[in-house]
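Enquirer: This is the structure I want to talk about, given as structure tokens.
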Amino acid sequence: MSLSSALENPITNSSSSSSTLMIADDGNLKLTNGMHGSDVVWSTKVSIQSNNNSVAVLLDNGNLVLKDNSSGEILWESFSHPGDTFLPGMRIGIMNVRTGDETFLVASKSSEDPSPGSFVGRVVTQSAPIIETFIWNGNDTHWRSGQWDGLRFVGIPQMDAVYFNGLSFVSNSQDGSQYFTFDSNSLIRFWYLSPQGPLQLINWDEGTKEFVVELQVPDNQCDLYKACGPNGICDKDESRICKCLEGFEPKSNQEWNKGNWSDGCVRRVELVCDKNSSSSSDGFLKLSGVKLPDRSQYQKPQENTGDACGFWCLNNCSCMAYSYVTGIGCMIWTGHLIDVQSFSSTGEDLFIRVAHSEIGKKKNNIKSKVILPVVAASISFFILCTLLAYGFFRWRVANQTGRSREALPEYDFADAINSLREIPRGIATGTNIIKQKDSLIFDFKDVIVATNNFSLTNKLGEGGFGPVYKGKLQDGKEIAVKRLSSQSGQGMEEFKNEIVFISKLQHRNLVRLLGCCVEGEEKLLVYEYMPNKSLDNFLFELVWDKRFNIIQGIAKGLLYLHRDSFLRVIHRDLKASNVLLDENMNPKISDFGLARTFQKTQDLANTHRVVGTLGYMSPEYVMGGRFSEKSDVFSFGVLVLEIVSGEKNSGFQNDKHINLLCYENPADRPNMPAVILQLNGGTEIPQPKQPAFVFQSDASHGGHGSNSDGNKYCSVNEVTFSATEGR
Numbered sequence: 001m002s003l004s005s006a007l008e009n010p011i012t013n014s015s016s017s018s019s020t021l022m023i024a025d026d027g028n029l030k031l032t033n034g035m036h037g038s039d040v041v042w043s044t045k046v047s048i049q050s051n052n053n054s055v056a057v058l059l060d061n062g063n064l065v066l067k068d069n070s071s072g073e074i075l076w077e078s079f080s081h082p083g084d085t086f087l088p089g090m091r092i093g094i095m096n097v098r099t100g101d102e103t104f105l106v107a108s109k110s111s112e113d114p115s116p117g118s119f120v121g122r123v124v125t126q127s128a129p130i131i132e133t134f135i136w137n138g139n140d141t142h143w144r145s146g147q148w149d150g151l152r153f154v155g156i157p158q159m160d161a162v163y164f165n166g167l168s169f170v171s172n173s174q175d176g177s178q179y180f181t182f183d184s185n186s187l188i189r190f191w192y193l194s195p196q197g198p199l200q201l202i203n204w205d206e207g208t209k210e211f212v213v214e215l216q217v218p219d220n221q222c223d224l225y226k227a228c229g230p231n232g233i234c235d236k237d238e239s240r241i242c243k244c245l246e247g248f249e250p251k252s253n254q255e256w257n258k259g260n261w262s263d264g265c266v267r268r269v270e271l272v273c274d275k276n277s278s279s280s281s282d283g284f285l286k287l288s289g290v291k292l293p294d295r296s297q298y299q300k301p302q303e304n305t306g307d308a309c310g311f312w313c314l315n316n317c318s319c320m321a322y323s324y325v326t327g328i329g330c331m332i333w334t335g336h337l338i339d340v341q342s343f344s345s346t347g348e349d350l351f352i353r354v355a356h357s358e359i360g361k362k363k364n365n366i367k368s369k370v371i372l373p374v375v376a377a378s379i380s381f382f383i384l385c386t387l388l389a390y391g392f393f394r395w396r397v398a399n400q401t402g403r404s405r406e407a408l409p410e411y412d413f414a415d416a417i418n419s420l421r422e423i424p425r426g427i428a429t430g431t432n433i434i435k436q437k438d439s440l441i442f443d444f445k446d447v448i449v450a451t452n453n454f455s456l457t458n459k460l461g462e463g464g465f466g467p468v469y470k471g472k473l474q475d476g477k478e479i480a481v482k483r484l485s486s487q488s489g490q491g492m493e494e495f496k497n498e499i500v501f502i503s504k505l506q507h508r509n510l511v512r513l514l515g516c517c518v519e520g521e522e523k524l525l526v527y528e529y530m531p532n533k534s535l536d537n538f539l540f541e542l543v544w545d546k547r548f549n550i551i552q553g554i555a556k557g558l559l560y561l562h563r564d565s566f567l568r569v570i571h572r573d574l575k576a577s578n579v580l581l582d583e584n585m586n587p588k589i590s591d592f593g594l595a596r597t598f599q600k601t602q603d604l605a606n607t608h609r610v611v612g613t614l615g616y617m618s619p620e621y622v623m624g625g626r627f628s629e630k631s632d633v634f635s636f637g638v639l640v641l642e643i644v645s646g647e648k649n650s651g652f653q654n655d656k657h658i659n660l661l662c663y664e665n666p667a668d669r670p671n672m673p674a675v676i677l678q679l680n681g682g683t684e685i686p687q688p689k690q691p692a693f694v695f696q697s698d699a700s701h702g703g704h705g706s707n708s709d710g711n712k713y714c715s716v717n718e719v720t721f722s723a724t725e726g727r
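No gaps in the numbering here: position 440 of the sequence shown is 440 in full-length UniProt numbering, and each next residue is one more.
What follows is the structure in structure tokens.
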């Protein structure tokens with residue numbers, strides 16, 4: 001439960017012993033301070049018809065409700081007063097446009113003082129249906145989310161890396177309500193507006209048993225509102241983060257060069273529209289991968305397309321820029337372009353209106369930038385050829401003398417390493433519930449020490465990737481280290497796959513990647529240590545409850561991979577040895593080296609390279625190279641059969657066959673060396689004769705062991721005979 005009374009004068013520790021939370025005579029929930037409850041500090045203050053029939057209940061989701069015990073009607077609930085925390089089930093936004101009811105987040109002053117601080121988070125509709133979220137510091141805008149496109153805020157690139165942000169927007173035309181709801185998808189997650197201003201998505205890490213920050217905004221200087229002033233653009237990856245948009249120049253060069261960008265930029269050339277000139281009309285310069293400006297206006301041209309949006313903007317002199325975003329539609333800007341930010345991998349396209357001469361100037365600049373290196377290259381061409389020839393000669397000599405080893409294939413690990421670096425770290429918030437994640441890039445020397453130089457005593461096993469070693473870091477944390485083997489059936493692509501997939505996929509039923517190490521020819525993956533190793537070690541020893549829980553966990557992990565994750569992933573190698581078990585026997589799917597991603601609308605893919613484990617691969621994949629999420633479902637079915645039956649899906653199945661041979665007549669029975677060969681599959685097993693063993697006569701009579709009584713079986717001294725009857 002998270003509840004703050006949002007009082008300017010909260011109850012102090014010295015007076016808390018005499019404080020009481022009670023249902024008063026009028027049926028309201030009240031917080032009193034004082035020995036006799038005379039000082040009412042806080043009350044629900046709702047109108048209740050039946051004063052003696054209200055009850056307070058704390059629900060499973062943390063919502064404290066005051067309700068009528070007879071009708072069940074909720075009279076008041078804490079979820080309508082969120083404080084600084086946005087929990088699953090809450091609603092943030094405008095609850096009723098007619099009454100003005102609104103819910104929003106208010107940060108506390110500090111972790112020790114829960115009274116209202118200066119930071120407030122609100123949902124804002126500037127031009128329906130364009131929705132944005134703002135954080136204010138007093139009366140000043142501190143941060144802006146960018147527009148909501150139905151799935152995410154376009155100004156938060158980290159949302160692309162979070163597999164399930166849980167946000168959904170609800171708009172009700174009847175009461176005018178517009179609000180966000182939050183679903184944690186059974187995970188322990190919540191949004192928190194910290195006293196220092198950042199809005200954080202916090203997640204419970206089942207492995208470390210700690211809360212970690214999964215996403216935080218603002219996260220850098222460029223995230224701050226209006227960092228580069230009007231008509232400026234901010235890029236956190238540049239040494240000088242601010243520059244003017246194309247077609248603009250600093251309003252004050254002196255202040256701009258000092259690093260004071262608050263005045264922003266102005267146009268270099270006046271627009272044709274502004275001059276009422278008959279010269280060439282204005283045009284648009286495209287700016288890709290950006291956070292769209294503030295104060296956007298929704299426009300609905302005759303056709304809901306990007307071209308129609310641009311045509312409308314060109315024919316309206318007030319339109320300074322436009323953008324068309326799937327999920328929103330056509331947006332235009334009529335004033336200064338404020339709070340524009342450049343992103344490295346995500347972002348939207350913004351078309352900025354400029355004078356026709358500015359478009360030509362950009363083309364000329366491009367030409368001049370091309371001519372200079374061409375001239376320089378021509379002058380140095382002869383020198384370059386000479387150096388290449390010399391280098392080739394040295395390579396041939398080294399190759400012929402055997403001094404060069406077979407080179408490791410050149411793989412670009414930048415994307416993979418960046419995937420690790422982009423995992424949100426924890427940020428200190430003044431509280432002790434959130435811990436920063438450790439560094440995700442391990443030093444090779446530290447791994448050597450942790451694994452006792454890859455000692456055989458530390459070896460846990462070996463898979464398709466290579467050997468796996470147990471290690472212990474200096475802080476005492478146990479780890480499992482996968483070491484890429486040169487004899488491995490998997491290679492560099494699989495190594496990169498592991499990093500990219502597991503770093504972006506986080507679920508309680510997926511193994512957690514702690515980091516990696518790339519040094520020379522050494523390629524290492526560092527995982528959380530699973531004390532119970534893999535499922536194939538426990539197939540024969542589990543009670544039914546454990547088996548069922550493991551099946552459920554694997555199914556939830558697959559559901560997340562196929563449907564709920566940001567990356568739609570097909571595992572392609574699901575088997576018992578790739579399901580690890582933690583100390584509580586909770587399953588965690590591992591080994592993503594062979595995994596493939598699908599587009600959200602893609603159902604089937606083909607491959608010429610069929611990889612996986614026989615017995616677990618679906619027939620259409622083995623024979624035709626076609627795989628889909630149904631391929632993983634087939635593997636899951638095989639795995640369920642193994643878990644339920646306690647037997648592997650492949651292995652020796654002729655034990656009963658050999659058993660029958662051992663009961664043959666003495667001349668037909670195999671000797672023990674033959675039995676061993678047959679058990680190990682080293683020789684062909686003959687068919688037992690029919691019937692397996694029947695006495696042709698008993699000790700004293702002919703026939704089938706019958707005496708003069710006909711139907712009675714008999715025994716004679718020293719030997720017991722059993723008659724066989726068909727059934």
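Each residue gets a CB set at the ideal place from its N, CA and C atoms; glycine is no exception.
Count the other C-beta atoms from every protein chain shown that fall within 10 angstroms of the C-beta of ILE188, then say buried if there are 16 or more, exposed otherwise.
Expert: Working through the sequence shown from its first residue, we reach residue 188 at position 188. It counts as exposed.
Enquirer: Measuring only the C-alpha atoms, how far is residue 767 from GLY593?
Expert: Since the first residue shown for the chain is 1 and the last is 727, residue 767 is missing from the structure and cannot be characterised.
Enquirer: Going by DSSP, what residues sit across from residue 730 in a beta bridge?
Expert: With the chain represented from 1 up to 727, any question about residue 730 goes unanswered, as that position is not in the structure.
Enquirer: Starting from LYS291, follow its DSSP beta bridges and name the residues at the other end.
Expert: What you label residue 291 is simply residue 291 of the sequence shown in a count that begins at 1. For LYS291, which the question treats as bridged, DSSP gives the partners GLN341.
Enquirer: Short of 8 angstroms in beta carbon distance, which residues of its chain neighbour ILE131, apart from the five on each side in sequence? Order them along the chain.
Expert: Sequence index remark: in the sequence shown, residue 131 carries index 131 (1-based). Cβ neighbours of ILE131 beyond the five flanking positions: VAL123, VAL124, THR125, GLN147, TRP148, PHE169 and GLN178.
Enquirer: Ignore the nearest five residues each way along the sequence and tell me which others in CYS512's own chain have a CB closer than 6 angstroms to its CB.
Expert: On the sequence shown, residue 512 is found 512 positions in, with the first residue counted as 1. A small correction: the amino acid at residue 512 is Arg; Cys does not occupy that position in the sequence shown. Cβ neighbours of ARG512 beyond the five flanking positions: GLY207 and GLU528.
Enquirer: Return the residue from the list ILE359, LEU580, GLY121 and ILE74 that minimises the CA-CA distance to VAL272.
Expert: Taking the first residue of the sequence shown as 1, we reach residue 272 at position 272. The residue with the shortest Cα to Cα distance from VAL272 is ILE359.
Enquirer: Under 7 angstroms from any heavy atom of the ligand NAD, does the C-beta of GLY624 make it?
Expert: In the structure shown, the ligand NAD is absent, as is every other ligand, since no ligand is present at all.
Enquirer: So, using beta-carbon positions, are LYS556 and ASN586 closer together than 8 angstroms?
Expert: Residue 556 sits at position 556 when you count from the first residue of the sequence shown. Residue 586 sits at position 586 when you count from the first residue of the sequence shown. No.
Enquirer: Indicate whether residue 728 and ARG596 have their beta-carbon atoms separated by less than 8 angstroms.
Expert: Nothing about residue 728 can be read from this structure; the chain reaches only from 1 to 727.
Enquirer: Using the three-state DSSP reduction, which class does ASN586 fall into: helix, strand or coil?
Expert: Counting from 1 along the sequence shown, the entry for residue 586 is found at position 586. ASN586 falls in the coil class under three-state DSSP.
Enquirer: Can you tell me which residues form a DSSP beta bridge with residue 747?
Expert: Residue numbering for the chain in the displayed model covers 1 to 727; residue 747 lies beyond these limits and cannot be assessed.
Enquirer: Would the beta-carbon of PHE182 fall within 8 angstroms of that of PHE86?
Expert: Numbered from its first residue, the sequence shown carries residue 182 at position 182. Numbered from its first residue, the sequence shown carries residue 86 at position 86. Their beta carbons are under 8 angstroms apart, which means PHE182 touches PHE86 by this criterion.
Enquirer: Do ASP263 and LYS251 have their beta-carbon atoms positioned less than 8 angstroms apart in this structure?
Expert: The residue given as residue 251 occupies position 251 in the sequence shown. The residue given as residue 263 occupies position 263 in the sequence shown. Against a cut-off of 8 angstroms, the Cβ pair of ASP263 and LYS251 comes out as a contact.
Enquirer: With H, G and I counted as helix, E and B as strand and the rest as coil, what does DSSP make of PRO129?
Expert: In the sequence shown, counting from the first residue as 1, residue 129 sits at position 129. In the structure shown, PRO129 sits in coil (DSSP, three-state: anything other than H, G, I, E or B).
Enquirer: Are the beta-carbon atoms belonging to VAL354 and ASP282 less than 8 angstroms from one another?
Expert: Translated into the one-based positions of the sequence shown, residue 354 becomes position 354. Translated into the one-based positions of the sequence shown, residue 282 becomes position 282. A contact, by the Cβ cut-off of 8 angstroms.
Enquirer: Which value, in whole angstroms, describes the spacing of the CA atoms of GLU583 and SER534?
Expert: Here the question's residue 583 lines up with position 583 in the sequence shown. Here the question's residue 534 lines up with position 534 in the sequence shown. One C-alpha to the other measures close to 12 angstroms.
Enquirer: Using only the alpha-carbon positions, how far apart do ASN96 and PHE104 sit?
Expert: Start at 1 with the first residue of the sequence shown, and residue 96 comes out as number 96. Start at 1 with the first residue of the sequence shown, and residue 104 comes out as number 104. Roughly 13 angstroms between the two C-alpha positions.
Enquirer: Taking the beta carbon of PRO195 as the centre, do at least 16 other beta carbons fall within 10 Å, making it buried, or is it exposed?
Expert: As a position in the sequence shown, residue 195 is number 195, starting the count at 1. By the 10 Å Cβ count, PRO195 comes out buried.
Enquirer: Rank ARG240, VAL526, ASN203 and ASN532 by C-alpha distance to the C-alpha of SER577 and give the top, closest one.
Expert: Here residue 577 corresponds to residue number 577 of the sequence shown, with the count starting at 1. Here the closest residue by C-alpha is ASN532.
Enquirer: Does DSSP put GLY72 in a helix, in a strand, or in coil?
Expert: The count along the sequence shown starts at 1 and reaches residue 72 at position 72. GLY72: coil per DSSP, three-state reduction.
Enquirer: Note down, in chain order, each residue of its chain lying with its Cβ closer than 8 angstroms to the Cβ of VAL543, except the 5 sequence neighbours on either side.
Expert: Start at 1 with the first residue of the sequence shown, and residue 543 comes out as number 543. Result list for VAL543: empty, nothing under 8 angstroms.
Enquirer: So what does SER168 bridge to, in DSSP terms?
Expert: Mapped onto the sequence shown, residue 168 falls at position 168. The partner list for SER168 (beta bridge, DSSP) reads THR181.
Enquirer: Give every residue of the same chain whose Cβ lies closer than 6 angstroms to the Cβ of ASP536, excluding the five residues on either side of it in the sequence, and list them in chain order.
Expert: By one-based count along the sequence shown, residue 536 stands at place 536. Hits under 6 angstroms: ALA576 and SER577.
Enquirer: Run the CB neighbour count on ASP113, radius 10 Å, all protein chains shown included, and call it buried at 16 or more, exposed below.
Expert: For the purposes of this step, residue 113 is identified with residue 113 of the sequence shown, where counting begins at 1. ASP113 is exposed by the Cβ-count criterion.
Enquirer: Candidates LEU151, GLY347 and GLU647: which alpha carbon is nearest PHE180's?
Expert: Within the sequence shown, residue 180 is the residue found at index 180, counting from 1. Of the candidates LEU151, GLY347 and GLU647, the one whose C-alpha sits nearest the C-alpha of PHE180 is LEU151.
Enquirer: Between the C-alpha atoms of LYS630 and LEU641, what's the straight-line distance to the nearest angstrom?
Expert: For the purposes of this step, residue 630 is taken as the residue at position 630 of the sequence shown. For the purposes of this step, residue 641 is taken as the residue at position 641 of the sequence shown. If I take the Cα positions, the gap works out to 17 angstroms.
Enquirer: Need the endpoints of the alpha helix (DSSP H) that ASN203 sits in, please.
Expert: Taking the first residue of the sequence shown as 1, we reach residue 203 at position 203. Note, ASN203: premise wrong, no alpha helix (DSSP H); beta strand (DSSP E) at 199–205.
Enquirer: Have a look at ALA450, MET530, GLN506 and LEU292 and flag the residue whose alpha-carbon is nearest the alpha-carbon of TRP204.
Expert: Taking the sequence shown and counting its residues from 1, one reaches residue 204 at position 204. For the residues ALA450, MET530, GLN506 and LEU292, the minimum Cα distance to TRP204 belongs to GLN506.
Enquirer: Based on the DSSP output, what are the partners of LEU215 in its beta bridges?
Expert: The sequence position of residue 215 within the sequence shown is 215, counting from 1. In the DSSP output, where bridge partners are listed per residue, LEU215 has LEU201.
Enquirer: I'd like the list of long-range same chain contacts for residue 737, defined as Cβ closer than 7 angstroms, with 5 residues on each side in sequence excluded.
Expert: Any answer about residue 737 is impossible in this case: the structure gives the chain only from 1 up to 727.
Enquirer: Nearest to GLY471 by alpha carbon, out of LEU524, ILE499 and ASP25?
Expert: Taking the first residue of the sequence shown as position 1, residue 471 is located at position 471. For the residues LEU524, ILE499 and ASP25, the minimum Cα distance to GLY471 belongs to LEU524.
Enquirer: Quick check on the DSSP output: the alpha helix (DSSP H) that includes LEU641 runs from which residue to which?
Expert: Here residue 641 refers to the residue found at position 641 of the sequence shown. That run of the alpha helix (DSSP H) goes 629–645.
Enquirer: Label LEU59 either buried or exposed according to how many other C-beta atoms from any shown protein chain fall within 10 Å of its C-beta, with 16 as the threshold for buried.
Expert: Residue mapping note: residue 59 aligns to position 59 of the sequence shown, counting from 1. It counts as exposed.
Enquirer: Among THR457, PHE248, GLY121 and ASP175, which residue has its Cα nearest to the Cα of THR99?
Expert: What you label residue 99 is simply residue 99 of the sequence shown in a count that begins at 1. Answer by Cα proximity: ASP175.
Enquirer: Any idea which residues DSSP pairs LEU64 with across the strands?
Expert: Numbered from 1 along the sequence shown, position 64 holds the residue referred to as residue 64. LEU58, per the DSSP bridge assignment.
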